[in-house]
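K.L.:
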Amino acid sequence: MTAEEYRQKRNNDYYFCYSWYQQDFLKEKGLFFITSAYSIGGNNDRFYLFEKTPELQEALKEYQEKSKKLGFEKGYHSKK
366 MTAEEYRQKR
376 NNDYYFCYSW
386 YQQDFLKEKG
396 LFFITSAYSI
406 GGNNDRFYLF
416 EKTPELQEAL
426 KEYQEKSKKL
436 GFEKGYHSKK
């Protein structure tokens, strides 16, 4: 498997969540991350890794809709 094929598979199978508030919302929906870690390469941001499932996709859609209704661009708990 080439590096590009690996990246493609990773992006198709997993969701990297960089928002504590979003992962907390997902947890409230009964969805739990596989692992949490800090990214490398400069910013050292913490992320939460979720397996992409239909339930996750539905919860992310709901999170996005709530964010828009409340007027937040990055998520309904985030600052603009």
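Using this note's numbering, you'd call the opening residue of the sequence shown number 366 and step up by one each time. Glycine included, each C-beta is placed from N, C-alpha and C at the ideal position.
Would you mind sorting S432 into buried or exposed? The rule is 16 or more other CB atoms within 10 Å of its CB.
P.N.:
By the neighbour-count rule (16 or more Cβ atoms within 10 Å), S432 is buried.
K.L.:
Grouping DSSP H, G and I as helix and E and B as strand, with all else coil, what is Y386?
P.N.:
Reduced to three states, the DSSP call for Y386 is helix.
K.L.:
Work out the CA separation of G436 and F381 for me, nearest whole Å.
P.N.:
Roughly 23 angstroms separates the two Cα atoms.
K.L.:
With H, G and I counted as helix, E and B as strand and the rest as coil, what does DSSP make of S404?
P.N.:
Residue state, collapsed to three classes: coil.
K.L.:
Going by DSSP, which residues form a beta bridge with F381?
P.N.:
Answer by DSSP bridge pairing, in chain order: L414.
K.L.:
Hey, quick one: how far does the alpha helix (DSSP H) through L396 stretch, first residue to last?
P.N.:
Looking at the DSSP string, L396 is not in any alpha helix (DSSP H), and its letter there is neither H nor E.
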